[in-house]
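Residue numbers (my numbering), protein chains in the order written: chain A, 152 to 537; chain B, 152 to 537.
Please read the structure below before turning to the comments.
Number of protein chains: 2
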Amino acid sequence: MTTKTGDQALIKRINTAIVLEYILRGSPLSRAQISEQSGLNKATVSSLVQDLIDGALVQEIGTGQSSGGRKPVLLEFVASSGYAVGIDLGVNYIRGVLTDLRGNVVAERTSALRLTEPNAAVDQLCGCIEHLMTEAPSSPYGIVGIGVGVPGLVDDNGTILFAPNLQWRDIPLQRLLTEKFSLPITIDNEANMGALGEQKYGVGRSINNLIYVSVGIGIGTGLILHKSLYKGASGFSGEMGHLSVEAHGKSCTCGNRGCWEMYASEQALLEQAAPLGFEDLESLLVAASSGRQDVLELFSNIGEYLGVGIANIVNVFNPDAVVIGNRMSQARPWLENALRQTVVQRALGFHLRKVQLLFAELGERSSMMGAAEMAIAGFFARVKAT
Amino acid sequence: MTTKTGDQALIKRINTAIVLEYILRGSPLSRAQISEQSGLNKATVSSLVQDLIDGALVQEIGTGQSSGGRKPVLLEFVASSGYAVGIDLGVNYIRGVLTDLRGNVVAERTSALRLTEPNAAVDQLCGCIEHLMTEAPSSPYGIVGIGVGVPGLVDDNGTILFAPNLQWRDIPLQRLLTEKFSLPITIDNEANMGALGEQKYGVGRSINNLIYVSVGIGIGTGLILHKSLYKGASGFSGEMGHLSVEAHGKSCTCGNRGCWEMYASEQALLEQAAPLGFEDLESLLVAASSGRQDVLELFSNIGEYLGVGIANIVNVFNPDAVVIGNRMSQARPWLENALRQTVVQRALGFHLRKVQLLFAELGERSSMMGAAEMAIAGFFARVKAT
DNA sequence: TTAACTTAGTTTATTGGATAGACAAACTAA
DNA sequence: TTAGTTTGTCTATCCAATAAACTAAGTTAA
């Protein structure tokens, strides 16, 4: 069993984390404010703040306004004390970003994925990471970690079990990158990363329970419950693209029938659009915006099926918000009505009272920003554990 | 924000909880064993154990075998230091139990629910509780709490928002019982209680992630994730009976279409059985065991639809086990094949590797035992918080 | 200008846990 | 008997949080 026991060091970690949290959220603010708001003694706050300053995570930035007494010394988190790399590895692109510890973008880099063969792709990925790392200003903590979002199922060791559209199986990406960079590496599904990105930096800021639905070639989902990413019992879940919405519908490669993503994904859209002579999403978006009736009906149909699945998700998880992301979010104007109507019709009233239907704000950058956030969050977790 | 700060009392609470946990799980065992296994210092363990003995939660029960030195003093949890009441309030019955703090049944009581009108039903419920309470031997902590499982949607204040089969709306049951008994009261959905009962005392013992599917008139679900009951964002979830499995299927009273419980519940079974001249589950079970072909096909059909929904659940939550409970679990012999086959066919391979399909062991008593467990768990939570 | 009052942050003595190590008690094995 | 082992308690020490006293640096009103 060996549950972790409590000692004085634990107390200090807990309280340091609290103080850091206040500075991260409320800065600039003074020691006195932290003490009052947190309930910690002034002396305790002073001591912990000093440790944080010594650790280069916090700095004094001058004095604030007096309210009839000594001026407060304002504290601020030092965002530039370290940097994080976030990568979105797509089926035909690699998108990467370098951010500071607040998620401010310092450098960005996009390139087409030349070869999908695993070795070559990983090489190109490493090149992208190295390039971004050289862009980082020198800082006390340097590069604190690398997060990578991938289009596939990832286990909790960061091994890509299966990435259908890349035709990858059992690629131990975390191990490969750890060997190469000797830095903390986080690998996760693109939808989980997207969920995190939107929750932290996008339309879902300050929403505690949200579900991100990544509608691309397939459908992936990322669940943020009680402010943190929910993983299934054994570390991977979110394969809700394979929720069956038509018990006797089309057979899916996964073995199930009537999977949601067979009716509501980009793939489903393109299949239906082929007879009309369309071959990609972009041309369909153009046709829709010029008002072509048959194309509008296609989108409306997709919107309805998206709604069917989302209603299911709402009934099961009862979240505060559902965020539609990835490529299909560009079709918002032509999806939204049908989607909204379907969800309202189908979700239970008790849940509907609360849930918001939103579209991703970061667009194609959700996943990459989420990956950077993962690396940042990992850094903070380590700081708090020391 | 006011996150709870850390102080010495917190350490003591944490470590006391650890020691108590070891005694609950591993008893009888000695102070030395606890120290060695937990990593806590011998002196610390001695001191905390003394507190627990003073608090009547632990007692010394003599010495154990020596392994070449002084004999250890064996410790045991005192199950009889308090008692809990667990109630299963059904549509046409009230089932109640009195247990000690280990969940051993001390007294049990079943009666038919005379009137479903809320006031009358609550009166009868109170009578049942009072009767059980008088059966409790005198003990240091007395009755530590009352748990009640109900067939409906419950919010986190213990108000029954909606119980379709009782035709109740907005009954503040927790408040009513608190006023009456001045004891800690926990109200929850019958399926959540059942999940807890099976996880603690039934077939799911020692399984950390399980999903309990209560198949009665409707279908309810209780999720135990990482050893604890999962509630949705706003305190109620588990309405997976209304997962749509046929996007364009039959309309449900909930507003959705093709809800799972319209195809796989007792109600669904009875509807299909009516043309054959059956009116209740019991007669169908008799017919099935005598081998009537058309009835067997009915059960097989229900089993298949149960499998469709369970495959969905498995894909979403990736649990260690799925437990089928409530009335329909009696039909196991005629459901199981079709169910198993469907799940294997439809669930993703990665999830299947792990998941077990089980049937409730406590039968009709799952929910009641879970309710008692809720009360017990509440007591321990309070002990650990002091 | 001064005295009275406020507020910010530090210093000091105290409290209450956990801990290592010494110790006593109780046992085994030779 | 004697040496060694195991259990459990006792004691001195450490360390983080805290209250209260204190210093620093401002405002306000006469």
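All C-beta atoms, glycine included, are put in the ideal place defined by N, C-alpha and C.
Roughly how far, in whole angstroms, is the beta-carbon of residue i from the beta-carbon of residue j, given that I think they are within contact range, below 8 Å?
i, j, result
"GLY458/B", "LEU503/B", "Going by Cβ atoms, the distance from GLY458/B to LEU503/B rounds to 12 Å, so no, they are not a contact pair."
"GLN481/A", "LEU449/A", "About 14 Å separates the two Cβ atoms, so there is no contact after all."
"MET520/A", "GLY237/A", "6 Å"
"ILE297/A", "ALA526/A", "6 Å"
"VAL257/B", "TYR234/B", "7 Å"
"GLU349/A", "GLY476/A", "6 Å"
"HIS393/B", "ASN407/A", "About 20 Å; that fails the 8 Å criterion."
"ILE336/A", "GLY309/A", "6 Å"
"SER395/B", "ARG497/A", "7 Å"
"SER517/B", "GLY345/B", "4 Å"
"TRP485/B", "SER451/B", "7 Å"
Name the chain A residues whose beta carbon is nearer than 9 Å to that of residue i?
i, result
"MET344/B", "Correct list: empty, because the minimum Cβ distance to chain A is about 19 Å."
"CYS144/B", "The requested residue 144/B does not occur in the structure, where chain B is confined to residues 152 to 537."
Which chain A residues sit within Cβ distance under 7 Å of residue i?
i, result
"ILE393/B", "Looking at the sequence itself, residue 393/B is His, so the reference to Ile does not match. The answer, in chain order, is ASN466, LEU499."
"GLY383/B", "PHE468, ASN469"
"GLY406/B", "GLN496, ARG497"
Are the Cβ atoms of residue i and residue j separated by less than 8 Å?
i, j, result
"ALA523/A", "VAL248/A", "yes"
"ASN340/B", "PRO470/B", "no"
"ALA207/B", "PRO291/B", "yes"
"LEU374/B", "ILE362/B", "yes"
"LYS338/B", "VAL299/B", "In the sequence under discussion, the amino acid at residue 338/B is Ile, which differs from the Lys named in the question. For ILE338/B and VAL299/B, yes; Cβs fall inside 8 Å."
"SER178/B", "PHE228/B", "yes"
"ASP416/B", "ILE370/B", "Reading the sequence as shown, one finds Ser at residue 416/B and not Asp. Going by C-beta atoms, SER416/B is nearer than 8 Å to ILE370/B."
"LEU376/A", "ALA384/B", "yes"
"ALA271/B", "ARG253/B", "no"
"LEU199/B", "ASN243/B", "no"
"LEU226/A", "ILE174/A", "yes"
"THR156/A", "LEU191/B", "yes"
"TYR352/B", "LEU513/B", "yes"
"CYS277/A", "LYS331/A", "yes"
Can you tell which of the options has its C-alpha closest to the C-alpha of residue i?
i, options, result
"PHE510/B", "VAL354/B, THR404/B, GLU417/B", "VAL354/B"
"LEU264/A", "SER178/A, ILE280/A, ILE245/A", "ILE245/A"
"LEU312/B", "ARG516/A, VAL506/A, PHE531/A, LEU499/A", "LEU499/A"
"VAL534/B", "VAL295/B, THR261/B, LEU324/B", "VAL295/B"
"THR493/A", "ARG176/A, THR404/A, LEU175/A, ILE453/A", "ILE453/A"
"ALA462/A", "LYS505/A, ASP431/A, ASN243/A, ASP202/A", "LYS505/A"
"LEU317/B", "GLY293/B, PRO269/B, GLY309/B, ARG478/B", "PRO269/B"
"TRP411/B", "VAL446/B, GLU397/B, ALA287/B, ARG356/B", "GLU397/B"
"SER218/B", "VAL196/B, SER232/B, ALA183/B, ALA314/B", "ALA183/B"
"ASP321/B", "ASN407/B, GLY345/B, ASP306/B", "ASP306/B"
"PRO288/A", "GLU455/A, ALA272/A, GLY254/A, THR250/A", "THR250/A"
"MET391/A", "GLN216/B, PHE468/B, ALA532/B, VAL200/B", "PHE468/B"
"VAL196/A", "LYS163/A, LEU380/A, HIS393/A", "LYS163/A"
"ILE368/A", "GLU330/A, GLN418/A, VAL301/A", "GLN418/A"
"LEU508/B", "GLU487/B, GLY514/B, GLN496/B", "GLU487/B"
"VAL495/B", "LYS155/A, CYS405/A, ARG356/A", "CYS405/A"
"ARG431/A", "LEU421/A, ARG356/A, ALA439/A", "A quick correction: the sequence has Asp, not Arg, at residue 431/A. For ASP431/A, the nearest C-alpha among the options comes from LEU421/A."
"ILE464/A", "GLN325/A, PRO426/A, SER232/A, THR372/A", "THR372/A"
"TYR381/A", "LEU347/A, ILE212/A, ASP158/A", "LEU347/A"
"LEU266/B", "LEU427/B, TRP319/B, PHE429/B", "TRP319/B"
Using the beta-carbon of each residue, which ones in chain A are nearer than 8 Å to residue i?
i, result
"THR156/B", "ILE165, ASN166, ILE169, SER189, GLY190, LEU191"
For residue i, return the contacting residues in chain B, with the cut-off set at a CB-CB distance below 8 Å.
i, result
"ALA532/A", "Within chain B, no residue comes near ALA532/A; the closest Cβ sits about 16 Å away, beyond 8 Å."
Please list, in chain order, the chain B residues whose beta carbon lies closer than 7 Å to that of residue i.
i, result
"GLU397/A", "GLU397, ALA398"
"GLU390/A", "ASN466, LEU499"
Which bits of chain B does residue i rub up against, with CB to CB less than 9 Å?
i, result
"ILE162/A", "THR156, GLY157, ASP158, GLN159, LEU161, ILE162"
"LEU304/A", "LEU499, PHE501"
Fill in: Residues in the region 452–485 of chain B having any Cβ partner in chain A nearer than 8 Å
TYR456, VAL459, ALA462, ASN463, ASN466, VAL467, PHE468, ASN469, PRO470, ASP471
Discussion item. Please identify, using Cβ separations under 8 Å, the residues of the region 199–232 of chain A that lie next to chain B, in order along the chain.
Written reply: none
Fill in: Contact list for the region 312–333 of chain A against chain B, Cβ threshold 9 Å
LEU312, PHE313
Worksheet entry | Residues within the region 347–378 of chain A neighbouring chain B, beta-carbon criterion of under 8 Å | ASN359, ASN360, LEU376, HIS377
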